[in-house]
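As structure tokens, the structure follows; a few thoughts come after it.
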Amino acid sequence: MREQLTALSRNVIVVTEAAGEQDKPDVVDHLADVQRYLNDAAAALWDVLA
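Rendered as structure tokens:
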């Protein structure tokens, strides 16, 4: 699961950068929220696995 969350996070970062290059600030803002939720999920997972 860690690897999957990490891969998903990397994909979100790539898409966020692409949206920024395409001048899509709303998309960038929403993807920033997605990234934050992924970070929260990863932290919760780490706590469970620790």
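Numbering-wise (the working numbering), the sequence shown opens with residue 16 and increments by one. No residue lacks a Cβ here, since even glycine has one placed at the ideal position from N, Cα and C.
Simplified DSSP state of residue i, which is helix, strand or coil
i: Asp44; result: helix
i: Lys65; result: Checking the sequence, you will find Ala at residue 65 rather than Lys. The answer is coil: DSSP assigns Ala65 none of H, G, I, E or B.
Beta-carbon spacing of residue i, residue j below 7 Å
i: Ala57; j: Leu20; result: yes
i: Thr31; j: Leu53; result: no
i: Val43; j: Ala34; result: yes
Where the alpha helix (DSSP H) containing residue i begins and where it ends
i: Gln37; result: Taken as a continuous stretch (DSSP letters only), Gln37 belongs to no alpha helix (DSSP H), as it is neither H nor E.
Span separating the alpha-carbon of residue i from that of residue j
i: Leu64; j: Gln50; result: 21 Å
i: Trp61; j: Lys39; result: 33 Å
i: Ala70; j: Gln37; result: Any question about residue 70 goes unanswered here, given that the chain covers just 16 to 65.
i: Asp41; j: Asp48; result: 11 Å
Residue i at chain D interface by Cβ criterion, 7 Å
i: Asn54; result: You won't find chain D in this structure, because it holds only one protein chain.
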